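In case it helps, our numbering puts the sequence shown at residues 142 to 432. Beta carbons: idealized from backbone N, C-alpha and C, even for Gly. Remember, predicted model here, so these are calculated numbers, not experimental data.
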Amino acid sequence: MEIAHIPVMREEVLEALNIRESGVYVDATVGLGGHAEGILQRASDCTLIGIDRDDRALAIARERLSQYRNVHLARDRFSNMKDLANTLGYEGVDGIILDAGVSTLHLKSEGSGFSFLKDEPLDMRMDRREKLTAADVVNKYSEKDLADLIWKYGEERRSRRIARGICYARQKQSIKSCKVLAGIVAKSVGRSGRIHPATRTFQALRIEVNSELTELAAAMDSGYQLLNAGGRYCVLSYHSLEDRIVKNAFKELAKEKIFNIITKKPLVPGAEERKINPSSRSAKLRVGEKI
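Pasting the structure below:
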């Protein structure tokens, strides 16, 4: 599958990692391998541990990184990075990159069910071994639970109207496709502005299906424990819920005087990157260093 992939804030991430030749680095969301390849290009003798929940992404990354030595790729959750690295024989690592965004593969490949622009089954599982799908959430959750979910994870102020519209529609027929759901949301709240009215609802469903915020919070702790002294932790987030978890985790570690926050304010993509890669526009990069 040929998918154009532009790693978000690639140069900023590589600079922040402070890569050294014999270091050990974790790309906790290896995706299609863009950041991982950058690390290996800068230090060909380093070790790279790449993690992803999607077997399709790992297959592409494996091919992309096949020319490099000392590469370990694993299908796992990024919250398990410490246990995985220890199993591979590494007690500590010198840097971690965690990109919390949805991968290009998920948005553009057929059948993933992440995009409201496509007429395909509602799925949204990053790991297809998991049982819960977006269709399960939409068709089985109560109206109250749906409203709470869309409000909490989508920060959608019209969540009650959307949940009511979904429950009314599913009484007639199960909601099985992204396009149908997007239409129901649009009908429930109307359309105005440049952002599609289903954007926040789809975000909420994706977070629920993949336990994204729980995973991220666990990964902040797991990653810190895995870092060697002087090791850097670089995290890319894309909405306020993610960024708040990263910011607060870094602050708590700094308060204990066991962590230095390198980026007092998060770094954001420059105008040129936002122009070339519009999906990067909401990215925030926070960087910390273990003392």
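Looking at C-alpha atoms only, which residue of the options is the closest neighbour of residue i?
i: L189; options: F391, N221, Y231 and I201; result: Y231
i: Y309; options: K293, R298, S329 and G295; result: S329
i: A327; options: H176, R302 and F219; result: R302
i: M222; options: V387, R422, L357 and G429; result: L357
i: N389; options: V428, S352, G334 and I180; result: V428
i: A339; options: N351, A370 and A304; result: A304
i: R385; options: L354, T342, E284 and V279; result: L354
i: A424; options: V409, I325, A202 and S318; result: V409
i: W292; options: E153, I417 and L382; result: L382
i: V321; options: A360, K431 and V279; result: V279
i: I180; options: R415, D362, A288 and L206; result: L206
i: R194; options: Q314, V350, S256 and E284; result: V350
i: S352; options: F219, I147, Q312 and S333; result: F219
i: G242; options: A359, A412, E430 and L377; result: L377
i: I160; options: I238, L258, G306 and S256; result: I238
i: K431; options: L290, S421, M361 and N418; result: M361
i: S300; options: K285, Q312 and Q314; result: K285
i: Q208; options: E261, L367, A177 and I325; result: A177
i: I316; options: S283, L368, P262 and L287; result: P262
Considering residue i, what are the terminal residues of the beta strand (DSSP E) in which it resides?
i: F400; result: F400 to I402
i: A427; result: With the sequence shown as reference, residue 427 is identified as Arg, and Ala is not the correct amino acid for it. First-last of the beta strand (DSSP E) with R427: K425 to K431.
i: L394; result: Where L394 is concerned, there is no enclosing beta strand (DSSP E), although the alpha helix (DSSP H) it sits in stretches over S381 to K396.
i: D277; result: Per DSSP, D277 belongs to no beta strand (DSSP E); it is in the alpha helix (DSSP H), A275 to K281.
i: I147; result: That residue, I147, is in no beta strand (DSSP E); it is neither H nor E in DSSP.
i: L189; result: T188 to D193
i: V165; result: V165 to D168
Which whole-angstrom value is the C-beta distance of residue i and residue j, which I expect to be below 8 angstroms?
i: L158; j: C375; result: 6 angstroms
i: V165; j: V212; result: Incorrect: roughly 11 angstroms between the Cβ atoms, too far for contact.
i: A275; j: G295; result: At roughly 13 angstroms, the Cβ-Cβ gap does not stay under 8 angstroms, so A275 and G295 are not in contact.
i: L426; j: E153; result: 6 angstroms
May I ask which residues mark the beginning and end of the alpha helix (DSSP H) holding residue i?
i: L152; result: Checking the sequence, you will find Glu at residue 152 rather than Leu. R151 to L158 is the span of the alpha helix (DSSP H), which, as asked, contains E152.
i: L290; result: E284 to G295
i: G174; result: Careful: G174 lies outside any alpha helix (DSSP H) and carries neither H nor E.
i: E413; result: A412 to I417
Curious, which full-length alpha helix (DSSP H) runs of at least 4 residues does the region 312 to 378 contain? Entirely contained in the region 312 to 378, the alpha helix (DSSP H) runs reaching 4 residues are, in chain order, 319 to 330, 340 to 351 and 353 to 367.
Three Cβ pairs or more, each shorter than 8 angstroms: is that satisfied between the region 260 to 278 and the region 386 to 403? When Cβ pairs closer than 8 angstroms are counted between the two stretches, the region 260 to 278 is seen not to touch the region 386 to 403, the count staying below three.
Can at least three beta-carbon pairs, one atom from the region 338 to 351 and one from the region 386 to 396, be found at a separation below 8 angstroms? As far as the Cβ criterion goes, the region 338 to 351 does not touch the region 386 to 396, which means the pair count is below three.
Mind listing, in chain order, the continuous alpha helix (DSSP H) runs of no fewer than 4 residues lying wholly within the region 206 to 237? For the region 206 to 237, whole alpha helix (DSSP H) runs of length 4 or above, ordered along the chain, are 222 to 228.
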